[in-house]
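**Student:** Mind looking over this structure? Questions follow.
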Amino acid sequence: MTDQTTVAQSPAGAAEPAPPPAEEAKDARVDPRPKNNRAWWLVLPVVVSVAFTAVIPLMTVVNYSVQDVFSPSERIFVGLEWFRDVARDPEVRGAFVRTLLFSAQVLLIEIPLGVAIAVAMPRRGVSVSVALVLVALPLLIPWNVVGTIWQIFARGDIGLGGWAINNVLGVNFNYTLDSTDAWLTVLVMDVWHWTPLVALLAYAGLRSIPQPYFQAAQIDGASAWATFRHIQLPRLRGVLTIAILLRFMDSFMIYTEPFVVTGGGPGNATSFLSILLSKIAVGQFDLGPAGAFSLLYFLFVQVLCYVFFTVLTRSGR
Numbered sequence: 012m013t014d015q016t017t018v019a020q021s022p023a024g025a026a027e028p029a030p031p032p033a034e035e036a037k038d039a040r041v042d043p044r045p046k047n048n049r050a051w052w053l054v055l056p057v058v059v060s061v062a063f064t065a066v067i068p069l070m071t072v073v074n075y076s077v078q079d080v081f082s083p084s085e086r087i088f089v090g091l092e093w094f095r096d097v098a099r100d101p102e103v104r105g106a107f108v109r110t111l112l113f114s115a116q117v118l119l120i121e122i123p124l125g126v127a128i129a130v131a132m133p134r135r136g137v138s139v140s141v142a143l144v145l146v147a148l149p150l151l152i153p154w155n156v157v158g159t160i161w162q163i164f165a166r167g168d169i170g171l172g173g174w175a176i177n178n179v180l181g182v183n184f185n186y187t188l189d190s191t192d193a194w195l196t197v198l199v200m201d202v203w204h205w206t207p208l209v210a211l212l213a214y215a216g217l218r219s220i221p222q223p224y225f226q227a228a229q230i231d232g233a234s235a236w237a238t239f240r241h242i243q244l245p246r247l248r249g250v251l252t253i254a255i256l257l258r259f260m261d262s263f264m265i266y267t268e269p270f271v272v273t274g275g276g277p278g279n280a281t282s283f284l285s286i287l288l289s290k291i292a293v294g295q296f297d298l299g300p301a302g303a304f305s306l307l308y309f310l311f312v313q314v315l316c317y318v319f320f321t322v323l324t325r326s327g328r
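Per our numbering, residue 12 is the first one in the sequence shown, and the count goes up by one each step.
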């Protein structure tokens, strides 16, 4: 029988197997044209902007964190001394505990409340636009204005909220003297300001659920709670992950509102990490400890956000 296998003749006349079809196709896919690197010039402005707005300031903070600065021309290298001092400072530890507790309370209140508001909002008609505008109003107010509003609103002598608590409820409320009242004022203010963000995110997630899911639940006779638990809540997992990360980062770095309302007082009741850092850097002008403090602050926020994101994404699988 004649062998029909394709062979290629070498210069010596010996038969050699032809290259496999896969290798021929691979050679054919090689693009001989030179690559166009002009696209990198479009990215260059972004790289330069990030370098000047983030990288260079960060490197400056790193430089200050390892030196004892006496003047622009006189400084001493101290290594990790400021990091050790900041980690052992009881005032920093107290501010850290207060900030972590505040962030935990914010998440426990704002996430369920925002989801409840989103579920109660209308789905069609003119009332949708009205509800969206009313819910979004607190988000349009600047942070310092929010602090000023609540500074006046919560006062017992001239503020409507403080007067109502003292005279209608019969409670002796004074956030300038009582640490619990100051804490509750800052917490309620943050809930009022940022719960609409969670509500709008959750509302967008609810509107993205296909209508046949609800029709099937209605045919099966599912209750409102069963519909929420088995249809709406699972579909909100991705949106709630974003909401939790945003609210944790913002609440853990809160500064303007409590600074305007209480200034961190009374005493250290509302002195969070950001307020203490501002006091060290601006008030005392201790650039070395402030630099070490800010780096530890930044790293801790990044680590906690990574842990939150990892746990939330793995729990959704």
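We put the beta carbon where it would ideally sit given N, CA and C, even for glycine.
So D79 is in the beta strand (DSSP E); what residue range does that whole segment cover?
**Tutor:** From DSSP, the beta strand (DSSP E) with D79 extends over 78 to 82.
**Student:** Give every residue of the same chain whose Cβ lies closer than 6 Å to the Cβ of H204, excluding the five residues on either side of it in the sequence, and list them in chain order.
**Tutor:** So the qualifying residues of the chain are P149, V157.
**Student:** Report all residues from its chain with a CB closer than 8 Å to the CB of V250; omit the five preceding and five following residues, and keep chain order.
**Tutor:** So the list reads L212, A213, A215, G216, once near-sequence residues are dropped.
**Student:** Within its chain, find whatever has a CB closer than 8 Å to the CB of E81; leave out the 5 residues flanking it on each side and keep chain order.
**Tutor:** Per the sequence shown, the amino acid found at residue 81 is Phe instead of Glu. Correct list, in chain order: I87.
**Student:** Leaving out five residues before and five after F164 in sequence, what residues of the same chain have Cβ atoms less than 8 Å from its Cβ?
**Tutor:** For F164, where only same-chain residues beyond five positions count, the Cβ hits under 8 Å are G170, L171, G172, G173.
**Student:** According to DSSP, R86 sits in a beta bridge with which residue or residues?
**Tutor:** Answer is V80.
**Student:** Per DSSP, what kind of secondary structure is R49 in: helix, strand or coil?
**Tutor:** Coil.
**Student:** Please confirm if the segment 292 to 307 is in contact with the segment 134 to 152, defined as three or more CB-CB distances below 8 Å between the two stretches.
**Tutor:** Too few Cβ pairs lie closer than 8 Å, so no.
**Student:** Are there 16 or more other CB atoms within 10 angstroms of the CB of S234, so buried, or fewer, so exposed?
**Tutor:** Result: exposed.
**Student:** Please state if the CB of V72 and the CB of D79 are separated by a distance shorter than 7 Å.
**Tutor:** Cβ atoms of D79 and V72: not closer than 7 Å.
**Student:** Is the Cβ-Cβ distance between F283 and A106 less than 7 Å?
**Tutor:** In this structure, A106 lies closer than 7 Å to F283 by Cβ.
**Student:** Distance check for V54 and F63, CA to CA, integer angstroms please.
**Tutor:** Spanning the two alpha carbons is a distance of roughly 15 Å.
**Student:** How long is the line joining the alpha carbons of L145 and A237, rounded to whole angstroms?
**Tutor:** L145 and A237: Cα-Cα distance of roughly 29 Å.
**Student:** Within 10 angstroms of the Cβ of W51, are there 16 or more other Cβ atoms? Answer buried if so, exposed if not.
**Tutor:** Classification of W51: exposed, given that the 10 Å Cβ count is below 16.
**Student:** In or out: D168 buried (at least 16 other Cβ within 10 Å) or exposed?
**Tutor:** So D168 ends up on the exposed side.
**Student:** Use the C-beta contact count for Y186: other C-beta atoms within 10 angstroms, 16 or more gives buried, fewer gives exposed.
**Tutor:** So Y186 ends up on the buried side.
**Student:** So, at 6 Å on beta carbons, what are the nonlocal neighbours of T324 in its own chain, with the 5 sequence-adjacent residues on each side left out?
**Tutor:** Answer for T324: no residue qualifies.
**Student:** Can you list, in chain order, the residues of its chain with a C-beta nearer than 6 Å to that of I3? Leave out the 5 residues immediately preceding and following it.
**Tutor:** Residue 3 is absent from the model: the chain starts at 12 and stops at 328.
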